[in-house]
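Residue numbers (full-length UniProt numbering): 1 to 286.
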């Protein structure tokens with residue numbers, strides 16, 4: 001079983017719930033070492049003074065914040081301790097809000113909260129209240145010396161502590177060139193909307209996360225295994241076949257692409273059934 005991050009408490013009002021915090025993530029990143037291509041020796045990073053070219057010992061390295069070009073405020077451990085947030089290992093709920101009001105862009109990283117000894121009753125009480133009300137708890141929590149904003153969300157039988165991004169960390173959409181006008185301004189017809197909706201419906205299914213795998217990682221591992229068996233190989237990874245792109249600036253026949261997509265998305269049995277039961281309607285749609 002994975003080691004817990006820390007043991008602490010959920011607090012709201014005068015209520016305290018002892019909990020254990022576990023990461024909800026599993027890391028599957030592939031780690032690579034940097035090597036010299038001439039003899040495959042590992043490449044190391046060195047702490048070098050850019051003026052003298054000499055290596056700097058760890059005890060002589062300090063942190064500096066550049067407030068003007070070339071000018072720094074130097075900070076040591078004592079400076080960080082003066083403004084350090086008290087690490088009290090608690091999830092202090094400040095407010096309850098409607099879960100649907102939180103934009104997707106705010107969600108960052110999930111953790112699981114598990115009740116500690118003698119905390120089951122109040123844990124279940126909070127979980128059920130959140131579920132019935134549709135609310136989530138908004139809290140501040142310190143994890144690994146940094147303070148985060150977080151949302152406490154019921155998910156099945158467990159309470160999920162979802163780290164949130166602070167508002168100032170979210171880029172303002174107004175900085176981006178996003179089309180704001182409606183469908184009429186882009187001459188999107190009702191037929192195109194209907195076909196697009198039909199495509200969405202034909203591709204819709206129940207959310208089953210286990211269906212989706214990291215295909216690139218699996219393919220890369222297979223390629224690495226293949227290359228490891230032939231150490232002399234210098235063959236590069238074959239390029240993936242490119243799909244049609246619609247953003248090249250050329251005029252694109254959206255209706256044609258939608259029709260082809262709908263036909264491709266429909267199961268063969270359903271398509272045959274439709275053709276046999278209502279041929280006129282099928283010809284009209286095509």
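Glycine included, every Cβ here is placed at the ideal spot set by N, Cα and C.
Checklist entry - At what residues does the beta strand (DSSP E) containing residue 139 begin and finish? => result Within the chain shown, numbered from 1, the residue matching residue 139 stands at position 139. 135-143 is the extent of the beta strand (DSSP E) around residue 139.
Item to check | Bounding residues of the beta strand (DSSP E) (the contiguous stretch that carries residue 227) | outcome: Within the chain shown, the letter at position 227 stands for residue 227. Per DSSP, residue 227 lies in no beta strand (DSSP E); the unbroken alpha helix (DSSP H) holding it starts and ends at 215-229.
Item to check | Given residue 91 as reference, the closest of 203, 113 and 208 once Cα atoms are compared | outcome: Start at 1 with the first residue of the chain shown, and residue 91 comes out as number 91. Of the candidates 203, 113 and 208, the one whose C-alpha sits nearest the C-alpha of residue 91 is 113.
Item to check | Cβ-based burial, residue 34 [other Cβ within 10 Å; buried from 16] | outcome: Taking the first residue of the chain shown as position 1, residue 34 is located at position 34. With fewer than 16 other CB atoms across the displayed protein chains lying within 10 angstroms of its CB, residue 34 is exposed.
Checklist entry - Cβ of residue 202 within 8 Å of Cβ of residue 141? => result Numbered from 1 along the chain shown, position 202 holds the residue referred to as residue 202. Numbered from 1 along the chain shown, position 141 holds the residue referred to as residue 141. No, Cβ-Cβ distance for residue 202 and residue 141 is not below 8 Å.
Item to check | Completely contained beta strand (DSSP E) runs for the UniProt domain "Ku" (53-181), where each covers 3 or more residues | outcome: For the UniProt domain "Ku" (53-181), whole beta strand (DSSP E) runs of length 3 or above, ordered along the chain, are 63-68, 71-75, 90-98, 107-115, 135-143, 146-155 and 158-164.
Checklist entry - Which term fits residue 224, buried or exposed, when burial requires 16 or more other beta carbons within 10 angstroms of its beta carbon? => result Mapped onto the chain shown, residue 224 falls at position 224. Within a 10 Å sphere around the beta-carbon of residue 224 sit fewer than 16 other beta-carbons, which makes this residue exposed.
Next on the checklist: Less than 8 Å between the beta carbons of residue 254 and residue 190, yes or no?
Outcome noted: One-based indexing of the chain shown puts residue 254 at position 254. One-based indexing of the chain shown puts residue 190 at position 190. No, the pair does not count as a contact, with Cβ atoms beyond the cut-off.
Next on the checklist: My output table needs one value for residue 205: the three-state DSSP class, helix, strand or coil.
Outcome noted: Residue numbering aside, residue 205 sits at position 205 when the chain shown is read from its first letter. Here DSSP, grouped into helix, strand and coil, assigns residue 205 to coil.
Checklist entry - Are the Cβ atoms of residue 93 and residue 12 separated by less than 8 Å? => result Mapped onto the chain shown, residue 93 falls at position 93. Mapped onto the chain shown, residue 12 falls at position 12. In this structure, residue 12 lies closer than 8 Å to residue 93 by Cβ.
Next on the checklist: Judging by CA-CA distance, which residue of 75, 89, 155 and 25 is the nearest neighbour of residue 129?
Outcome noted: Walking along the chain shown from the start, residue 129 turns up at place 129. Ranked by Cα distance from residue 129, the options 75, 89, 155 and 25 are led by 155.
Next on the checklist: If you measure between the beta carbons of residue 149 and residue 161, is that distance less than 8 Å?
Outcome noted: For the purposes of this step, residue 149 is taken as residue 149 along the chain shown, with counting starting at 1. For the purposes of this step, residue 161 is taken as residue 161 along the chain shown, with counting starting at 1. No; because the gap between Cβ atoms is not below 8 Å, this pair is not in contact.
Checklist entry - So, do the region 105-123 and the region 18-32 have three or more beta carbon pairs nearer to each other than 8 Å? => result As far as the Cβ criterion goes, the region 105-123 touches the region 18-32, which means the pair count is three or higher.
Checklist entry - Among the residues of its own chain, which have a CB less than 8 Å from the CB of residue 7, if the five just before and after it don't count? => result For this step, residue 7 is matched to residue 7 along the chain shown. Spatial neighbours of residue 7 in its own chain (CB-CB distance under 8 Å, excluding positions within 5 residues in sequence) are listed in chain order as 18, 19, 20, 21, 89 and 116.
Checklist entry - If you count every other CB in all the chains shown that lies within 10 Å of the CB of residue 188, and 16 or more means buried, which is it? => result Mapped onto the chain shown, residue 188 falls at position 188. Exposed: under 16 other Cβ atoms inside 10 Å.
Checklist entry - Can the beta-carbon of residue 121 be found less than 8 Å from the beta-carbon of residue 99? => result Counted from its first residue, the chain shown places residue 121 at position 121. Counted from its first residue, the chain shown places residue 99 at position 99. Cβ distance not < 8 Å, so residue 121 and residue 99 don't count as in contact.
Checklist entry - By DSSP, does residue 189 sit in helix, in strand, or in coil? => result Here residue 189 is taken as the residue at index 189 of the chain shown, counted from 1. Residue 189 falls in the coil class under three-state DSSP.
Item to check | Whole-angstrom distance between residue 222 and residue 358, CA atom to CA atom | outcome: Nothing can be reported for residue 358, as the shown portion of the chain is limited to 1 through 286.
Next on the checklist: On the criterion of 16 or more Cβ atoms from any shown chain inside 10 Å, does residue 240 qualify as buried, or is it exposed?
Outcome noted: Residue 240 sits at position 240 when you count from the first residue of the chain shown. Per-residue confidence for residue 240 stands at a pLDDT of 48, beneath the threshold of 50, marking its modelled position as unreliable; the derived number appears in the next sentence. With fewer than 16 neighbouring CB atoms inside 10 Å of its own CB, residue 240 falls in the exposed class.
Next on the checklist: Once DSSP output is grouped into helix, strand and coil, what is the label at residue 247?
Outcome noted: One-based indexing of the chain shown puts residue 247 at position 247. Because residue 247 sits at a pLDDT of 49, beneath the cut-off of 50, its placement in the model cannot be relied upon, and the point is left open.
Checklist entry - Should residue 56 and residue 64 be called a contact, given that it needs their Cβ atoms to be closer than 8 Å? => result Translated into the one-based positions of the chain shown, residue 56 becomes position 56. Translated into the one-based positions of the chain shown, residue 64 becomes position 64. No; because the gap between Cβ atoms is not below 8 Å, this pair is not in contact.
Checklist entry - So the alpha helix (DSSP H) residue 254 belongs to, where does it begin and stop? => result Translated into the one-based positions of the chain shown, residue 254 becomes position 254. From DSSP, the alpha helix (DSSP H) with residue 254 extends over 254-265.
Item to check | 8 Å Cβ cutoff met for residue 153 and residue 105 | outcome: Position 153 of the chain shown holds residue 153. Position 105 of the chain shown holds residue 105. No, they are not a contact pair.
Next on the checklist: So if DSSP puts residue 21 in a beta bridge, which residue, or which two residues, is it bridged to?
Outcome noted: By one-based count along the chain shown, residue 21 stands at place 21. Per DSSP, the beta bridge partners of residue 21 are 6 and 113.
Item to check | Beta-bridge pairing of residue 12 - partner residues as DSSP gives them | outcome: The residue given as residue 12 occupies position 12 in the chain shown. 15, per the DSSP bridge assignment.
Item to check | Helix, strand or coil at residue 195 [DSSP, three-state] | outcome: Residue mapping note: residue 195 aligns to position 195 of the chain shown, counting from 1. Looking at residue 195 - three-state DSSP - the assignment turns out to be helix.
Item to check | As assigned by DSSP and simplified to three states, the class of residue 211 | outcome: On the chain shown, residue 211 is found 211 positions in, with the first residue counted as 1. It is helical.
Item to check | Assigned secondary structure, residue 200 (DSSP; H/G/I helix, E/B strand, else coil) | outcome: Position 200 of the chain shown, counting from 1, holds the residue named residue 200. Here residue 200 sits in helix by DSSP.
Next on the checklist: For residue 10, count the other beta carbons within 10 Å of its own beta carbon; 16 or more makes it buried, fewer makes it exposed. Which is it?
Outcome noted: Locating residue 10 in the chain shown gives position 10, counting from the first residue. Buried, because 16 or more other Cβ atoms sit within 10 Å of the Cβ of residue 10.
Checklist entry - Out of curiosity, what's the CA-to-CA distance linking residue 166 and residue 175? => result The residue labelled residue 166 in the question sits at position 166 within the chain shown. The residue labelled residue 175 in the question sits at position 175 within the chain shown. For residue 166 and residue 175, the distance between alpha carbons rounds to 18 Å.
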